[in-house]
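Comments concern the structure below.
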Amino acid sequence: MEEEALTPSEPLALEGSFTHWARCVEVPFGDSRVVSVEQDPDSFVLGTTVWDSSKTLLKFIEQRPERFQRFSSICELGAGCGGLAGIASAIVTGGLADVVLTDIGPVLPWLRRNVRENLTHEEVQRVRVEQHAWGTPATNLKPPFDCILCADVVYEKACVKPLVQSLLALSHRKTVIFLANERRAPKVRDEFMRYLDTYFQWKEVPKAELDADYLKEAIEVSRRQRTTTPTNTSTIR
117 MEEEALTPSE
127 PLALEGSFTH
137 WARCVEVPFG
147 DSRVVSVEQD
157 PDSFVLGTTV
167 WDSSKTLLKF
177 IEQRPERFQR
187 FSSICELGAG
197 CGGLAGIASA
207 IVTGGLADVV
217 LTDIGPVLPW
227 LRRNVRENLT
237 HEEVQRVRVE
247 QHAWGTPATN
257 LKPPFDCILC
267 ADVVYEKACV
277 KPLVQSLLAL
287 SHRKTVIFLA
297 NERRAPKVRD
307 EFMRYLDTYF
317 QWKEVPKAEL
327 DADYLKEAIE
337 VSRRQRTTTP
347 TNTSTIR
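As structure tokens, then:
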């Protein structure tokens, strides 16, 4: 991955949920490792700070590695600047799975740097960072994937249909999708659930399987798989 210039960060790291205004967010991983990502709290671009559900999903992957080691290809949609779920997947699979982290163009310099800084030479060999706007063609991502990861991706109504289109375009009947989200706008969540229930069966991940130190009451994690396939994802409604 090419080196890209970023705004210099301050050596400030905050833990827990109060990380939106930090320049650096650190999350312990395993016995002696720390995933440390730089972010830009001054940016007006969505995705340049780490959201809480991504930390929850990272800890879930860390503590349940066997669930992810069976996948040969993993994609994180809306990875943001940190790509915590994608980074965690690359670590637990030890470089044996193809891992693709995606987001919109303005976020990619941060994402590329954080991926590069947090993975070993062996772990990063099969990792790609790619631009992808939900609802647009995704052939550059080389789908379908065995596993798709999403954290804090449901926040406004306009993103719901494009996100579901991307989930359908990147998955097949056996693809396992893990969605971590913080409940915010009830109407937006209901709209998202309506679309998901049309095409995916789902099962909630029990709270007992999530790290209590990185779990808020409003955060929910679910596991989904396809039940039906639309003939044309651009026409779903």
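If you're matching positions, the sequence shown starts at 117 in my numbering and goes up one per residue. The C-beta atom is built at its ideal place from N, Cα and C for all residues, glycine as well.
Considering only their Cβ atoms, is the gap separating residue j from residue i smaller than 7 Å?
| i | j | result |
| --- | --- | --- |
| PHE308 | VAL276 | yes |
| GLN241 | GLY210 | no |
| TYR311 | VAL270 | no |
| SER169 | GLU320 | no |
| TRP250 | PRO278 | yes |
Are there 16 or more other CB atoms within 10 angstroms of the CB of residue i, so buried, or fewer, so exposed?
| i | result |
| --- | --- |
| LYS332 | exposed |
| THR135 | buried |
| THR164 | buried |
| ALA213 | buried |
| HIS237 | exposed |
Could you name the residues of the same chain whose beta carbon sits closer than 8 Å to that of residue i, not counting the 5 residues immediately before and after it, in chain order?
| i | result |
| --- | --- |
| PHE145 | VAL151, LEU174, GLU178, ALA204 and ILE207 |
| ARG289 | GLN341, ARG342 and THR345 |
| GLU272 | ALA301 and VAL304 |
Can you give me the Cβ contacts of residue i inside the same chain, cut-off strictly under 7 Å, excluding the 5 residues immediately before and after it?
| i | result |
| --- | --- |
| LEU283 | ILE264 and ILE293 |
| SER125 | Unreliable placement is indicated for SER125, whose pLDDT of 39 sits below 50; the coordinate value is still reported in the next sentence. ARG139, CYS140 and GLU154, listed in sequence order. |
| LEU286 | CYS191, ALA254, LEU257, PRO259, PRO260, PHE261 and ILE264 |
Measure the beta-carbon distance from residue i to residue j and round it to whole angstroms, keeping in mind my assumption that it falls under 8 Å.
| i | j | result |
| --- | --- | --- |
| LYS329 | TRP167 | Sequence inspection shows Asp at residue 329; the Lys mentioned does not correspond to that position. The Cβ separation is near 16 Å, so there is no contact. |
| LEU193 | THR218 | 6 Å |
| CYS197 | ASN230 | 6 Å |
| LEU326 | THR172 | 6 Å |
For residue i, which residues from the same chain have a beta carbon less than 6 Å from its beta carbon, with the 5 sequence-adjacent residues on both sides left out?
| i | result |
| --- | --- |
| TRP137 | PRO157 |
| VAL215 | ILE190, GLY202, SER205, ALA206 and VAL243 |
| VAL161 | PRO222 |
According to DSSP, which residues form a beta bridge with residue i?
| i | result |
| --- | --- |
| ARG244 | VAL216 |
| GLU272 | Paired residues: none, contrary to the question. |
| SER152 | GLU142 |
Taking 6 Å as the line, does the beta carbon of residue i fall inside it for any heavy atom of the ligand COA?
| i | result |
| --- | --- |
| ALA334 | As for the ligand COA, it is missing from this structure, which has no ligand bound. |
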